[in-house]
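Taking it in order: structure first as structure tokens, then the write-up.
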Amino acid sequence: MFKQKRRNVLLSSLLVLVLLVLAGCQPVGGLDVNKVLTNSFAVKSAESNQTITVELTPDHTGLSPEAQKVFDLFGNMKLTITDAKTEDPFHASMKGTLDYAKGSIPFQLSLDEQNMILQVEGAKKPLVLRTGAAALGSADMPSPMAKALQEEIQKMSKRMVEASPSLASFLMGSSPNPNKISVENVSEKIHGESLSLQKLHAEVHGSELIDLVKGFLTNVLADEKGLKEFIGQLYDVYAPFLQAVLKQVGESENDEMTAMIMPYLQNKTLAVEFVFTTLKTQLGMVLSKYDATVAAYFATEEGAATKAWLDGGQYIKTDLYFDRDGMTRKSVTELMITAPEGKADGLKSIKITSAAEMWNINKAVKADKIDTSAGVIDLNGTTGRMTPSKIVASLDPNSQLYKLLRNELQITKKEITIIMNDDSDDYGYFGTKPYNDNGNVMVPDRFVVERLDAEVEWDEAAKQVKITDPLKGSVITLTVGSTTATVNGMPQTLEKAAALVDGTTYIPVRFVTENMGAQVKWDQGTQTVSITRE
Numbered sequence: 001m002f003k004q005k006r007r008n009v010l011l012s013s014l015l016v017l018v019l020l021v022l023a024g025c026q027p028v029g030g031l032d033v034n035k036v037l038t039n040s041f042a043v044k045s046a047e048s049n050q051t052i053t054v055e056l057t058p059d060h061t062g063l064s065p066e067a068q069k070v071f072d073l074f075g076n077m078k079l080t081i082t083d084a085k086t087e088d089p090f091h092a093s094m095k096g097t098l099d100y101a102k103g104s105i106p107f108q109l110s111l112d113e114q115n116m117i118l119q120v121e122g123a124k125k126p127l128v129l130r131t132g133a134a135a136l137g138s139a140d141m142p143s144p145m146a147k148a149l150q151e152e153i154q155k156m157s158k159r160m161v162e163a164s165p166s167l168a169s170f171l172m173g174s175s176p177n178p179n180k181i182s183v184e185n186v187s188e189k190i191h192g193e194s195l196s197l198q199k200l201h202a203e204v205h206g207s208e209l210i211d212l213v214k215g216f217l218t219n220v221l222a223d224e225k226g227l228k229e230f231i232g233q234l235y236d237v238y239a240p241f242l243q244a245v246l247k248q249v250g251e252s253e254n255d256e257m258t259a260m261i262m263p264y265l266q267n268k269t270l271a272v273e274f275v276f277t278t279l280k281t282q283l284g285m286v287l288s289k290y291d292a293t294v295a296a297y298f299a300t301e302e303g304a305a306t307k308a309w310l311d312g313g314q315y316i317k318t319d320l321y322f323d324r325d326g327m328t329r330k331s332v333t334e335l336m337i338t339a340p341e342g343k344a345d346g347l348k349s350i351k352i353t354s355a356a357e358m359w360n361i362n363k364a365v366k367a368d369k370i371d372t373s374a375g376v377i378d379l380n381g382t383t384g385r386m387t388p389s390k391i392v393a394s395l396d397p398n399s400q401l402y403k404l405l406r407n408e409l410q411i412t413k414k415e416i417t418i419i420m421n422d423d424s425d426d427y428g429y430f431g432t433k434p435y436n437d438n439g440n441v442m443v444p445d446r447f448v449v450e451r452l453d454a455e456v457e458w459d460e461a462a463k464q465v466k467i468t469d470p471l472k473g474s475v476i477t478l479t480v481g482s483t484t485a486t487v488n489g490m491p492q493t494l495e496k497a498a499a500l501v502d503g504t505t506y507i508p509v510r511f512v513t514e515n516m517g518a519q520v521k522w523d524q525g526t527q528t529v530s531i532t533r534e
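So, in structure tokens, the structure goes:
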């Protein structure tokens, strides 16, 4: 049942993405739909607001207690963005609130080329998450290589922004119209200003998906000139970055694959012709057997289940409002995903609605900054790992968000089982398996510590392991061969010292985990260690 549910959720997600693309792009009622939709990708700066609501309808007959808890919390949820500012494609900010059953959580967000900074009510300091190229720098990547790739990623991002309108124009221009699409002239008030607008109404239902996909592929195949230009634009965006990556790999590993691929990346004409010929051949084969392949698939048990989802209550309905410059000034969208009869598995339907307004399009807009002068909380940390415990540790225990994450969703709860006589190779990734040294279970340092969301640092010179636990605030230091450890700077005596075995550092699991606030139990009969932490 779980596998079926996971497949259906994935199918629904893919359906949503395709429906969003195939929203109709041929001229309707004098409105060049392709042009106005493509204009959305030409917006460099703007101010806006938006409200998104999510409604979950449960199927109580198949609802577990855990699922019921989720429905109670998030069955009706609303995200309100009161003030969003896009300064340029790489700098933006927003303020808003997240409302759910137990309360409201205000937040402020700031984005730039390197970081995402979040100030949420209850956070002790602003939370910083390194994004994109900024997240590359780590101990796993040499500094010169990381810096070079960071620069290439930034350049690639800028090239993608510049190419997006043209790329979108090809995709949307190849998309057929859905059955329900219309245009009318209306008057609307946007951010206090009365405007004469053109309203585009479109509906796309799941039952149309098969024909829409066929129409899209047919149009792509027919437009050889447009397809070659599309491939060429993708080459211009990605080829320089791929060349830089492969060059680094080739220099460090003498990779034969690099030598084979590089000629294509260095010759645009060769690369475009190769990709175009391959796509044209494959698309032709797909379309020649499209109807027969679909019919044969729907005749199978799996295909019948897929068809039931497509034929059910899946739809997107949208109203888009365009000004005389062809810019989107307002949108109202409703998305519905409904499980077929007998396939609900606890969830009957998901309904998502969105209403947004936009103004000051492509005018001077300044994104708001979040004050970080008093310090920040780096969610990536020294290892680049963002963990639930880091997030919860950054919050005031009395705050609404802390209560939601730790008490209601229990995202920091951990349960770890170590079977000492297990002959499987489950522990191979971390080195030699855990072992029992006269009643003291010894485990590789990262084996349990990282599962408890803590960080491990190794000091080769001192032969020391430093464990930093953000949730409990503990810093534990163990020295190989020494029965004296420190916890937050205070010495403590170990029954067994940390040991170095075949290049892997082993630590006494009970001492470490109990000092991280976990409970440890030993089952003599099954030779099993059970570790739990709330």
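Numbered by full-length UniProt numbering, the letters in the sequence shown go through residues 1 to 534 in order. Beta carbons: idealized from backbone N, C-alpha and C, even for Gly.
Close-in-space but distant-in-sequence residues of the same chain around residue i (CB under 7 Å, 5 per side omitted)
{"i": "I105", "result": "T97, L98, V120, E121, Q400 and L401"}
{"i": "L73", "result": "Y100, A101, K102 and E408"}
6 Å Cβ shell around residue i - same chain, five flanking residues per side excluded
{"i": "K214", "result": "Y290"}
{"i": "V449", "result": "V456 and I467"}
{"i": "T298", "result": "Per the sequence shown, residue 298 should be read as Phe rather than Thr. Taken in chain order, the residues that qualify are K307."}
{"i": "A168", "result": "T38 and F41"}
{"i": "R159", "result": "V237"}
{"i": "S331", "result": "L320 and A356"}
{"i": "F90", "result": "E113"}
{"i": "Q50", "result": "I81 and A356"}
{"i": "Q519", "result": "T532"}
{"i": "G303", "result": "Y297"}
Helix, strand or coil at residue i [DSSP, three-state]
{"i": "A498", "result": "strand"}
{"i": "L347", "result": "strand"}
{"i": "V392", "result": "helix"}
{"i": "L471", "result": "coil"}
{"i": "F430", "result": "Confidence at F430 is low in this model, with a pLDDT of 48, below 50, so its placement is unreliable and the value that follows should be read with caution. DSSP places F430 in helix when its eight states are reduced to three."}
{"i": "T483", "result": "coil"}
{"i": "A364", "result": "coil"}
{"i": "S157", "result": "helix"}
{"i": "P176", "result": "coil"}
{"i": "I370", "result": "coil"}
{"i": "R385", "result": "coil"}
{"i": "N436", "result": "strand"}
{"i": "S104", "result": "strand"}
{"i": "I261", "result": "helix"}
{"i": "N185", "result": "strand"}
{"i": "V272", "result": "helix"}
{"i": "N380", "result": "coil"}
{"i": "I411", "result": "coil"}
{"i": "A299", "result": "coil"}
Euclidean distance between Cα positions of residue i and residue j
{"i": "V365", "j": "M116", "result": "19 Å"}
{"i": "L405", "j": "K124", "result": "15 Å"}
{"i": "L22", "j": "E208", "result": "Because L22 carries a pLDDT of 47, less than 50, the predicted location of this residue cannot be relied on, and no value is offered for it."}
{"i": "F71", "j": "E334", "result": "20 Å"}
{"i": "T218", "j": "N267", "result": "29 Å"}
{"i": "G284", "j": "D459", "result": "60 Å"}
{"i": "L270", "j": "Y264", "result": "6 Å"}
{"i": "T281", "j": "G342", "result": "41 Å"}
{"i": "A239", "j": "T372", "result": "37 Å"}
{"i": "M77", "j": "S354", "result": "12 Å"}
{"i": "E495", "j": "L109", "result": "48 Å"}
Cβ pair residue i, residue j closer than 7 Å
{"i": "L471", "j": "T412", "result": "yes"}
{"i": "T86", "j": "S45", "result": "yes"}
{"i": "V294", "j": "K228", "result": "no"}
{"i": "K478", "j": "V465", "result": "At residue 478 the sequence reads Leu, which differs from the Lys that was named. Yes; because the gap between Cβ atoms is below 7 Å, this pair is in contact."}
{"i": "A244", "j": "E152", "result": "yes"}
{"i": "V128", "j": "V376", "result": "yes"}
{"i": "F274", "j": "I231", "result": "no"}
{"i": "G206", "j": "Q314", "result": "yes"}
{"i": "K390", "j": "L379", "result": "yes"}
{"i": "T387", "j": "D453", "result": "yes"}
For residue j and residue i, believed in contact at Cβ under 8 Å, the rounded distance
{"i": "V220", "j": "S174", "result": "5 Å"}
{"i": "L111", "j": "A92", "result": "5 Å"}
{"i": "F322", "j": "L200", "result": "7 Å"}
{"i": "I416", "j": "R446", "result": "13 Å between Cβ atoms; not a contact."}
{"i": "V443", "j": "I361", "result": "V443 to I361, Cβ: 57 Å. No contact."}
{"i": "A202", "j": "T318", "result": "6 Å"}
{"i": "N515", "j": "S474", "result": "6 Å"}
{"i": "I261", "j": "L279", "result": "The pair is not a contact, with the Cβ atoms about 18 Å apart (cut-off 8 Å)."}
Contacting residues, own chain, Cβ-Cβ under 8 Å from residue i (five flanking each side not counted)
{"i": "W359", "result": "A46, E47, S48, I190, H191, E193 and R329"}
{"i": "Q410", "result": "E534"}
{"i": "G326", "result": "D32, K35, V36 and N39"}
{"i": "D59", "result": "A339, A344, D345, G346, L347 and K348"}
Within-7 Å CB hit, residue i to chain B
{"i": "P491", "result": "In the structure shown, chain B cannot be found, because there is only a single protein chain."}
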